[in-house]
Structures are given as structure tokens and as C-alpha cells.
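In mature numbering (1 follows the signal peptide of the UniProt record, and there is no 0), the protein residues as written are -18 to -1, 1 to 317.
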């Protein structure tokens, strides 16, 4: 019986069944989403006329062209994992860093944002909250060589960490580290967003000329990549338990943008692209296992910027690949 139930859930996840007579992301389309399932609620954020711009400019994770070779952590799966876990509660001194929701605006930089977010979390966790900084999404976006506003490859951004990333916050936040983000918040993705923008050039200088770029760098290395070791759900859980939030990617369908609350699983709309996000924990609600995930659409989207996705059935490829790394606080002694 359990396998039959999982098959039904998986089929719902990865089979698009949209009515061709409905305009994707119209009011009627959102009503249809809500009528097809009961685990999550859809709400209209994006004006229908802006759908194409929205979909072209917010999603953008790409698979690497070659296999990534490194010494990957493999966890002992005989270890127990709790039924519920939230990294903000596990590391309360780092809760403000882990729970900070960013806004990528009209740039397909999800790969850069989720990398910067997970690295920031792990720096705080592994320094016992003695180093609480935001790694600059702008630096990852423009200087890692892993991509740009038209998408990028997350694992390559993690690999570049051994060359160091500087700190930095959101748009015009010059008080938060070296380099702030170049686009203003998108304000719920309604009428306050720019159109598609080109990727800025890599500028190896801080916003404040008095701050040294190289001295603002924090170094680390890729240490975990679920999938490269025939990974499992439990590998992801154990990595989060031991080392902090991980970055993952999944296939995005048109219904995802209108997630408001609940446990997401795909039911309507066409495949659009891949999206990179940060998993910070997991839980169970109404006998449905879920992942707890931070998005980068701003804190007005979803559940205060977070969303939950069904766990254990590889919903839209969410469990195919997860990336994590460890900071190198004594880098100067390693070179």
C-alpha cells in the first residue's frame, strides 16, 4: 500500500496536467491548482502580462558539463535522524544568518544566492557564531566564473570558494561587508521590478574604497555533493545535521511561482527551468514528510520567504543533488 501511495504522489509531482484552455498563472489557473490538490495553497503574485519576464529572469541553475572530482563526505547511515529539524533552532546563535531571506530580483542568480546563503550559514556554524557575516551574492554571481544572470552552475560556484568570497549584503547595504547586490528588491514580483538585466562585470573592489577586497575574503572548499556518491535522502539529512544547510536544485514548473503555503508538489503547468535553493531542515505534517527550504524571492513570497516541499519521493528532482562545503579559517597557513 505504501509503495502505491508513493507512486501516486510521484506521478502528481512530475506529470503536468494543465488545461490547455487556461492561461498559465491567470486567476483561473491558480484556482485550478488549488482544486487539484490539498497539500499546498497557490496565490497570485505575478501579473499575467509579466509571466514571461518573471520565468526568464528568476530561474537559472544549470548542470555541470563535466563530472566534479573531489573527496566527498559520506555519512554513516546507521545514525539516527530526528523527525523534525530546523537549523535555526539547532544553532540559535546563527538563527539570524540562517533565516535571512534575500531577493535576487530580475536576475537568474538563484545558483549564486543559494551558494552564498549556505556558505554564510556554515561560516557562522563552524565558527561557533564568532564569525557572523553575509557572503556577497554579487561576488559569487560576477567573479566565480560559474555563470551570470542567465543562469549558472551551482557546484562550480562551490568549487570557486577555495579562491575566496568577500562579504556583502543586499542592494545599497554598504554597512554589510565588502560588496552589496546590484539590484533593488523586487517587491513581491508585481510592478516594482526591473526587466531582464545583463550580468555586471567582476570588480575586485569593495563598495567602500577604504575596505580591502582581498582582506575581506573568507575561504572554504566543497566537501559534500549528494548524487556523486549515489546519495540518499538520509545523506542529505545527516549532512545538514552535522554541518549546516545545504544547497539543492530542482525542476521548476509554472505552478511553483504561486506557492503561498503548505507542502508543495507539482500538479499544473509546463516545465520552465531549474532553480537552486537552500534546505535548512525537515519535518512531517499530516503524515506527509517535507523539506524546509529557503527561497530567494523575498520574504513576502511563500511562508515568509520559505517553502516546504514533499520529501522522500524526489519531487521534481529535489533530492538528486545537494551541495555543501566547509570553511577554511586558517587559509593563510595552507598556502
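Glycine residues also receive a C-beta, built at the ideal position from the N, C-alpha and C atoms.
*asked:* Just verifying my parser: in three-state terms, what is the DSSP assignment at residue 312?
replied: coil
*asked:* Does the contact criterion of 3 or more C-beta pairs under 8 Å hold for the segment 228 to 239 versus the segment 187 to 200?
replied: no
*Nearest residue (CA-CA) to residue 180, options 215, 298, 66 and 129*: 129
*asked:* Considering Cα atoms alone, identify which of 272, 301, 298 and 167 is closest to residue 64.
replied: If we check each option's Cα against that of residue 64, 272 comes out closest.
_Three-pair Cβ contact test at 8 Å for the segment 143 to 154 versus the segment 114 to 122_ = Yes, they touch.
*What residue from 239, 225 and 259 has the CA that sits closest to residue 73's CA?*
225
*Smallest Cα separation from residue 206: which of 20, 95, 309 and 296?*
309
*asked:* Let's test the definition: count the other Cβ atoms within 10 Å of the Cβ of residue 157 and tell me whether it reaches 16, buried, or not, exposed.
replied: It counts as exposed.
*Just checking, does the segment 279 to 295 make contact with the segment 81 to 91 on the three C-beta pairs under 8 Å criterion?*
yes
_Quick test of your reading: residue 94 and residue 122, contact by CB under 8 Å. State the CB separation rounded to the nearest angstrom._
4 Å
*Rounded separation between residue 110 and residue 68 - CA only*: Looking at the two C-alpha atoms, the distance is approximately 17 Å.
*Given a threshold of 16 other Cβ atoms within 10 Å of its Cβ, counted over all protein chains shown, does residue 141 qualify as buried or as exposed?*
buried
_Range of the contiguous beta strand (DSSP E) that encloses residue 19_ = Note, residue 19: premise wrong, no beta strand (DSSP E); not H, not E.
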